[in-house]
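Under our numbering, the first residue of the sequence shown carries the number 2, and numbering increases by one thereafter.
From the three backbone atoms N, C-alpha and C, an ideal C-beta is built for every residue, glycine too.
Note that the structure is predicted; figures quoted are calculated from it, not measured.
Here is the structure we will look at.
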Amino acid sequence: MEQVMALLGAIDWINIGTLAVIVLLASIIANIFEFRSRFPNVLLTVFIFVGLYIGWTYFLKGMVFAHVTAGAA
2 MEQVMALLGA IDWINIGTLA VIVLLASIIA NIFEFRSRFP NVLLTVFIFV GLYIGWTYFL
62 KGMVFAHVTA GAA
């Protein structure tokens, strides 16, 4: 049981939560368009998720946390 707790402590829960919110937003946006088939909605959700994930990972996260890492050095 201690091994499981140690593994859960090593998980980056902030990142998991952020990704969950990004998936939720992508799904909501894609389902607004209500295509006749589910497959176009799935593709649109994937593309929206990829766009939001790239935006968060490479642009917003770098801008938001750049001053924090610079101050720690």
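Alpha helix (DSSP H) segment containing residue i, residue limits
{"i": "residue 37", "result": "Run containing residue 37: none; DSSP gives neither H nor E here."}
Beta-carbon separation (whole angstroms), residue i vs residue j, contact threshold 8 Å
{"i": "residue 42", "j": "residue 31", "result": "5 Å"}
{"i": "residue 124", "j": "residue 45", "result": "No answer is possible for residue 124: the residues shown for the chain start at 2 and end at 74."}
{"i": "residue 53", "j": "residue 17", "result": "Incorrect: roughly 15 Å between the Cβ atoms, too far for contact."}
Neighbourhood of residue i by C-beta distance below 7 Å, restricted to the same chain and skipping five residues each side
{"i": "residue 49", "result": "27, 30 and 31"}
{"i": "residue 36", "result": "42"}
Reduced DSSP category for residue i - H, G, I as helix; E, B as strand; rest coil
{"i": "residue 15", "result": "helix"}
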